[in-house]
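A short worksheet on the structure shown next.
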Amino acid sequence: MTFSRPGAIDLSALSRPQQPVGGAGAGRAPAAGGSTWVTDVSEATFQAVALEASAKHLVVLNLWSPRAQNAQDFNDLLARVTDELQGQVLLANVDVDANPGIAQAMQVQGVPFVAAVVGGQLVPLFQSTA
């Protein structure tokens, strides 16, 4: 059985044949509160942290920019909700200014852009119109 959802975007082009140095957990950095369910993702760690993790967990991607108004407040809100869910979802934050390749591959038009990753497939949930 394959996962098929209208609006889903195939992220296989972002796959890399080798894992980043340090294995599947590389790039995972606890958020300010010490959460193990919230991490920052870069182009180098996207494969392991977002795509491979989505085979076992629901991964919520939050693409954001520090230049966007209220970005940190929104990030804090998502982190609080993720922590309250105690591991039911993983939150992967992507700074699009530092990682433009990820935003470009996902055809992001505005930030914040929030999507779920299920089995390596992107399912857009929310995108700013501003």
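Here the sequence shown stands for residues 1 to 130, numbered as in the working numbering.
Where is the CB? At the ideal position from N, CA and C, for every residue including glycine.
Just so you know, these numbers come straight off a predicted model, no measurement behind them.
- DSSP places residue 62 in the strand class (E or B) of the three-state scheme.
- At a Cβ-Cβ threshold of 8 Å, residue 122 and residue 96 do not count as neighbours.
- Of the other Cβ atoms in all chains shown, fewer than 16 fall within 10 Å of the Cβ of residue 81; this residue is therefore exposed.
- Per the C-alpha coordinates, the member of 36, 46, 71 and 57 positioned closest to residue 127 is 71.
- For residue 57, same chain residues with a beta-carbon under 6 Å away, outside a window of 5 residues either side, are 90 in chain order.
- Our two residues, residue 99 and residue 88, have alpha carbons roughly 26 Å apart in a direct line.
- Every unbroken stretch of the alpha helix (DSSP H) spanning 4 or more residues and falling wholly within the segment 38-95 is given here in chain order: 71-84.
- If you draw a straight line from the Cα of residue 93 to the Cα of residue 129, it comes to about 19 Å.
- Residue 100 carries a helical assignment under DSSP once its states are collapsed to helix, strand and coil.
- At a Cβ-Cβ threshold of 8 Å, residue 41 and residue 117 do not count as neighbours.
- According to the DSSP assignment, residue 121 belongs to the beta strand (DSSP E) that extends over 121-127.
- For residue 115 against residue 51, the beta-carbon gap comes to about 12 Å, at or over 8 Å, which does not count as contact.
- If you look at residue 117, you'll find it in the beta strand (DSSP E) that goes 113-118.
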